[in-house]
Amino acid sequence: MATTLMERETGQAVIAISGLRKSYGKLTAVKHVDLEIRRGEVFGILGPNGAGKTTTLEMIEGLRKPDAGTNTVSGIDAVRQPARLKEIIGVQLQSTALFTHLTNFELLKLFSSFYQHGMTDRELEGLLAEVNLMEKKNSKVQELSGGQQQRLSIVLTLVNKPQVVFLDEPTTGLDPQARRNLWDLVRQINANGQTVVLTTHYMEEAETLCDRIAIMDHGEVLALDTPRGLINGLNLPPLITGSTVRPLPLDRVQALPGVQEARLDDAGFEIRTDQPQETLVGLLRMSTEQGLELSNLQVRSGNLEDVFINLTGRSLRS
Ligand SMILES: Nc1ncnc2c1ncn2[C@@H]1O[C@H](COP(=O)(O)OP(=O)(O)O)[C@@H](O)[C@H]1O
Ligand SMILES: [Mg+2]
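Letter by letter, the sequence shown follows residues 81 to 398 in the working numbering.
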């Protein structure tokens, strides 16, 4: 189902979630989640391990039953109409869970047979070609690299031409190149008009891939916006970072024009400044005077990590 730019901008909801809650015994994994996900967007749920991302996703997919709340995909209720829901969504499974005695193409055919509107062999071959796995058509899953396995597990979500594709931490464990390839694949799926909902704990992934992001922690959505919107909302002055072999003199760094906050140690420096250009000029002059070479010099505005720290007081990585 292709979407037009107009549909995306007017933000017609494809997924509507209201008051979703789920406990495991005494642990409330998801406290209260309200979300609207728009048709045609790449929507990210960003949060650390244990935030409740998988539990939320699997309730939306109709795989876990919520304790409270409702959730629909294209108006189909996940709890009351799970069989109908299954036909219009694609859910990524862990590739390690795939049957290892079948070839990749046999797997695709098997998965396709689970649906009323599965794909023909030709269409399945087209899918394999699109993700550069055609030459692996008759190989088995265990003969694929990690990145290829992950691509296959995503292709398997597409065999019923779903309206919405759900990916749970699709790039965890992949090397940077395989991760970029996977991002391209997600963009390609989205360009075909399919809505993508993914979870991640990589802020860079959320920032570059997602149209909108819900930041989740301890079973709650703490913020929801475009990556730009979240970052701009912080109003954080630019950050200059770099390293020196010995620390720069703190009092003199603090006295540079624009500097609001400075942290220095043996490993390097982090300087918040609202006049990055002037601060940099002063910094370069000072380092020359001191005979200290600056390396790894970077200037950046806020990122999603800063947003997360601002919301929770913790780092996303910790
Ligand atoms: N089947 C389960 N039984 C008991 N506890 C669970 C189960 N699944 C998840 N949890 C717990 O619920 C919390 C949220 O888990 P999860 O939804 O997997 O978070 P995330 O995907 O963000 O890492 C965690 O504390 C986790 O240990
Ligand atoms: Mg998870």
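For every residue, glycine included, the Cβ atom is placed at its ideal position computed from N, Cα and C.
Computed from a predicted model, the values in this text were never measured in an experiment.
Annotation for Leu236: Phe191 place their beta carbon closer than 6 Å to its own, counting only its chain and skipping 5 residues before and after. Within the segment 136 to 223, the complete beta strand (DSSP E) runs of at least 3 residues fall at 148 to 153, 169 to 171. Secondary structure note for Leu330: its alpha helix (DSSP H) is the uninterrupted segment 330 to 334. In this structure the segment 361 to 380 does not touch the segment 105 to 112; the number of beta carbon pairs closer than 8 Å is below three. Using a 10 angstroms sphere on the CB of Asp354, the tally of other CB atoms stays under 16, which defines it as exposed. Of the other Cβ atoms in all chains shown, fewer than 16 fall within 10 Å of the Cβ of Gly313; this residue is therefore exposed.
Nearest neighbour of Ile125 by Cα position, chosen from Val333, Asp297, Thr180, turns out to be Asp297.
A residue is called buried once 16 or more other Cβ atoms fall within 10 Å of its Cβ, and Ala148, having fewer, is exposed. Annotation: the continuous beta strand (DSSP E) that includes Ala342 extends over 339 to 345.
Annotation: Glu205 to Val159 spans about 34 Å, alpha carbon to alpha carbon.
With 16 or more neighbouring CB atoms inside 10 Å of its own CB, Glu287 falls in the buried class. Going by beta carbons, Val113 and Ile97 fall inside the 8 Å limit. For Ala93, the enclosing beta strand (DSSP E) begins and ends at 93 to 104. Shown here, Val244 sits in a strand according to DSSP, grouped into three states. For Glu287, the enclosing alpha helix (DSSP H) begins and ends at 283 to 289.
Across the structure, Leu232 and Val110 are spaced so that their CA atoms are roughly 30 Å apart. For the 8 Å CB-CB criterion, Asn218 and Thr183 form a contact. At least 8 Å separates the beta-carbon of Gly198 from that of Asn151. For Gly348, the enclosing beta strand (DSSP E) begins and ends at 348 to 353. Distance from His281 to Gly132 at the Cβ level is roughly 12 Å; contact not present, criterion being Cβ atoms closer than 8 Å. Within the model, the alpha-carbon separation for Pro329 versus Arg380 is close to 22 Å. Here Glu249 carries a coil assignment [DSSP, helix/strand/coil]. With a cutoff of 8 Å on beta-carbon distance, Val171 and Ile95 are scored as not near each other.
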